[in-house]
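A.B. asks: Okay, so the sequence shown: first residue is 0 according to numbering that gives the first Met the number 0, each after it adds one. For each residue, glycine too, the CB sits at the ideal point set by N, CA and C. Would you mind keeping the following structure in view while I ask a few things?
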Amino acid sequence: MKYSVKLLIKSTTESGEVSIEESILMMDADSFDDAYDKAERYVETLGVCEPYVNIFGKRVDVEVVSYADCFRIDDDEADEGTEVYSSIACPNAKQTEEMIVAVHEASATTKERIPFRSMEFANLSVEELEELLRKAKE
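Right, dumping it as structure tokens:
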């Protein structure tokens, strides 16, 4: 059976900028507990939480702050259109419908994401990097 496990990953730059990333991993597992265990082993094996150098040459530390959720994928053949994750949030006294929508819609702007781009995966020309640096300083 296939499961998707949602992780919350915190990245912190040397200068103190913080991002929280939601990452969904698809795992072959026999149960929810097995899916969580496999996701933890996957993260450890691949070094997902290893520090890296961003496009500014600065260290970024990474840690999983939560294995937040697990979702069983009912279709073992995950084709286009297969639901691989779903989460339900209900308004209550602590959070209104508007608050729930705002949290789920909130995302970092391109400018806010720049410090978390890995040099290894940047694949940008020198000119493009210089343009990003210029924009980041604005």
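Would you kindly report the start and end of the unbroken beta strand (DSSP E) that includes Thr12?
C.D. replies: Where Thr12 is concerned, the enclosing beta strand (DSSP E) stretches over 1-12.
A.B. asks: Whole angstroms are fine: how far does the CA of Ala67 sit from the CA of Ser22?
C.D. replies: C-alpha separation (whole angstroms): 10 Å.
A.B. asks: Given this structure, state the Cα-to-Cα distance separating Glu127 from Val100, to the nearest angstrom.
C.D. replies: Computed Cα separation, rounded: 34 Å.
A.B. asks: Would you kindly check if the distance between the Cβ of Val42 and the Cβ of Tyr51 is under 7 Å?
C.D. replies: No, Cβ-Cβ distance for Tyr51 and Val42 is not below 7 Å.
A.B. asks: Would you kindly report the start and end of the unbroken alpha helix (DSSP H) that includes Phe115?
C.D. replies: Taken as a continuous stretch (DSSP letters only), Phe115 belongs to no alpha helix (DSSP H), as it is neither H nor E.
A.B. asks: Going by the beta-carbon positions, is the gap between Val4 and Ala38 smaller than 7 Å?
C.D. replies: In this structure, Ala38 lies closer than 7 Å to Val4 by Cβ.
A.B. asks: When you compare only the Cα positions, how much space is there between Phe70 and Ala34?
C.D. replies: Roughly 9 Å between the two C-alpha positions.
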